[in-house]
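Worksheet for the structure shown next.
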Amino acid sequence: MIENDTATALSATLTRTRLVTRTREPATARSAIQHTSTVRGLEVTGSSDFLFEETLTGTSLLTLESTSCTGTVPGEVDASSAIVVTWLKSGTAVVGGQQLPIGRPVLYTPGRQHVQWDRFQKDVMRIDREIVEQVAAARGGWEPGPLEFQPNHVPEGAPLAAWWLMVRAVAAEILGATGEVSLDREQELAGMAAAGLLTAIPHWPVEQPAERTAHAGLADAETYLLEHVAEHVTVDDVAAAARMSTRGLQSAFQRIHGTTPMSYLRNVRLLMARQQLETGEPRSVADVARSVGITHMGRFSGAYREEFGELPAETLRAARR
Numbered sequence: 001m002i003e004n005d006t007a008t009a010l011s012a013t014l015t016r017t018r019l020v021t022r023t024r025e026p027a028t029a030r031s032a033i034q035h036t037s038t039v040r041g042l043e044v045t046g047s048s049d050f051l052f053e054e055t056l057t058g059t060s061l062l063t064l065e066s067t068s069c070t071g072t073v074p075g076e077v078d079a080s081s082a083i084v085v086t087w088l089k090s091g092t093a094v095v096g097g098q099q100l101p102i103g104r105p106v107l108y109t110p111g112r113q114h115v116q117w118d119r120f121q122k123d124v125m126r127i128d129r130e131i132v133e134q135v136a137a138a139r140g141g142w143e144p145g146p147l148e149f150q151p152n153h154v155p156e157g158a159p160l161a162a163w164w165l166m167v168r169a170v171a172a173e174i175l176g177a178t179g180e181v182s183l184d185r186e187q188e189l190a191g192m193a194a195a196g197l198l199t200a201i202p203h204w205p206v207e208q209p210a211e212r213t214a215h216a217g218l219a220d221a222e223t224y225l226l227e228h229v230a231e232h233v234t235v236d237d238v239a240a241a242a243r244m245s246t247r248g249l250q251s252a253f254q255r256i257h258g259t260t261p262m263s264y265l266r267n268v269r270l271l272m273a274r275q276q277l278e279t280g281e282p283r284s285v286a287d288v289a290r291s292v293g294i295t296h297m298g299r300f301s302g303a304y305r306e307e308f309g310e311l312p313a314e315t316l317r318a319a320r321r
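Note that full-length UniProt numbering gives residue 2 to position 2 of the sequence shown, counting from 1, and the numbers run on in steps of one.
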């Protein structure tokens, strides 16, 4: 019986679905939003050029949603059932009284909040709340339980790059295939998403002692890497800062982030460099590389092209145009 139960657990799957809506009818758009979100008092209005497009892909543990709309969408959203993060790509939006910045992840607070979206493009990630609480406990050294997040926090710099690093990795897999997927792998992906969120947004456990324990090594390791992103850092430095063995550190990063600490740091640096280059403001690629702790220009250019499909100088020229 034990062997059968084990085999069943190992073969457990979830169904990843993709729902696509494209309409010029506000009533159809309203129905689509109500299908994907818990909303009240929702209205969808638009003029003669009204167009609504939405793609929702995922499982009960982790979903990605992309929406564009030429109209106005006010209403009340209830984010109690999952951890919900949104980032505005264009247009304007207010969530819970907060004007959303372009290109920055913003966390919905639990419970109901008023929202209004106007002529917008946005993405949304929903992560199973229990998985987020479990990952937070493993990183922070406390018992799993409800979390409180810093209100209206907008990440910048290295934490923001760490967030986008996670989104790139998770989205590539989620958007790549639908149908039956491994439950274990989906839990791993949701855990990676949770780790990216927890790295980007300050948080703490509700109604638990504030003291940190020796088990908070991974969170300390991430903090050390992001605070010293522009400096020469070795894996031994990170392990010492986190009060972990090098082997334990490598194992924890592989389990939570799917990579090594040094590869994680390298990718954060590349994303930070790209963020700077895309503004068109830096005087040179070399200045950007040095600002994120990269000293070997040849390796930087090669790694950048491998990651983003173009040379850093091409990104800078395009941004200036």
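Note that CB positions come from ideal geometry on N, CA and C, so glycine has one too.
Is the beta carbon of residue i less than 8 Å from the beta carbon of residue j?
i           : j           : result
residue 94  : residue 39  : no
residue 338 : residue 178 : A query on residue 338 cannot be resolved here, the shown segment of the chain reaching from 1 to 321 and no further.
residue 316 : residue 277 : yes
residue 162 : residue 196 : yes
residue 75  : residue 46  : no
residue 219 : residue 280 : no
residue 174 : residue 127 : no
residue 165 : residue 267 : yes
residue 274 : residue 300 : no
residue 256 : residue 135 : yes
residue 311 : residue 305 : yes
residue 183 : residue 149 : no
residue 61  : residue 190 : yes
Nearest to residue i by CA position, among the options, is which residue?
i           : options            : result
residue 154 : 250, 241, 123, 202 : 202
residue 373 : 301, 293, 113, 271 : Outside the modelled stretch of the chain, which goes from 1 to 321, sits residue 373, for which no answer is possible.
residue 120 : 128, 44, 305, 283  : 44
residue 323 : 247, 176, 174, 217 : This structure does not reach residue 323, given that the chain is present from 1 up to 321, and the question cannot be answered.
residue 117 : 24, 264, 100, 17   : 100
residue 188 : 12, 258, 91        : 258
residue 236 : 311, 29, 106, 262  : 262
residue 283 : 302, 231, 313, 193 : 313
residue 104 : 88, 112, 113       : 88
residue 232 : 51, 291, 248, 254  : 291
residue 112 : 250, 137, 37, 51   : 37
Can you list, in chain order, the residues of its chain whose CB lies under 7 Å from that of residue i, leaving out five sequence neighbours each side?
i           : result
residue 110 : 79, 80
residue 19  : 56
residue 3   : Confidence at residue 3 is low in this model, with a pLDDT of 45, below 50, so the placement of that residue is unreliable and no value is reported for it.
residue 295 : none
residue 286 : 297
residue 49  : 70
residue 230 : 291, 292, 293
Residues in the same chain with beta-carbon distance under 8 Å from residue i, minus the five sequence neighbours each way, listed in chain order, please.
i           : result
residue 146 : 133, 205, 206, 207
residue 181 : 13, 14, 15, 16, 59
residue 115 : 73, 74, 75, 76, 77, 93, 94, 95, 96
Since residue i and residue j should fall inside the 8 Å C-beta cutoff, what is the C-beta to C-beta distance between them, to a whole number of angstroms?
i           : j           : result
residue 122 : residue 86  : 6 Å
residue 227 : residue 199 : So it is not a contact: roughly 12 Å between Cβ atoms.
residue 59  : residue 186 : 6 Å
residue 242 : residue 224 : 7 Å
residue 272 : residue 169 : So it is not a contact: roughly 16 Å between Cβ atoms.
Quick one: what's got a C-beta closer than 6 Å to residue i's C-beta in the same chain, skipping five residues either side?
i           : result
residue 53  : 22, 68
residue 124 : 65, 86
residue 98  : 152
residue 194 : 127, 131, 132, 135
Is any heavy atom in the ligand COA found nearer than 7 Å to the beta carbon of residue i?
i           : result
residue 243 : Absence of the ligand COA from the depicted structure is noted, as is the absence of any ligand whatsoever, leaving it without description.
Exercise. Can you give, in chain order, each stretch of the alpha helix (DSSP H) that sits fully within the UniProt domain "HTH araC/xylS-type" (219 to 318) and has at least 4 residues?
Worked result: 235 to 242, 246 to 257, 261 to 277, 285 to 291, 297 to 308
For this session: With a floor of 4 residues, list each alpha helix (DSSP H) that falls wholly inside the region 135 to 213, ordered by position along the chain.
Result: 157 to 174, 183 to 200
Problem set entry | Whole runs of the alpha helix (DSSP H) within the region 62 to 149, excluding any shorter than 4 residues | 129 to 140
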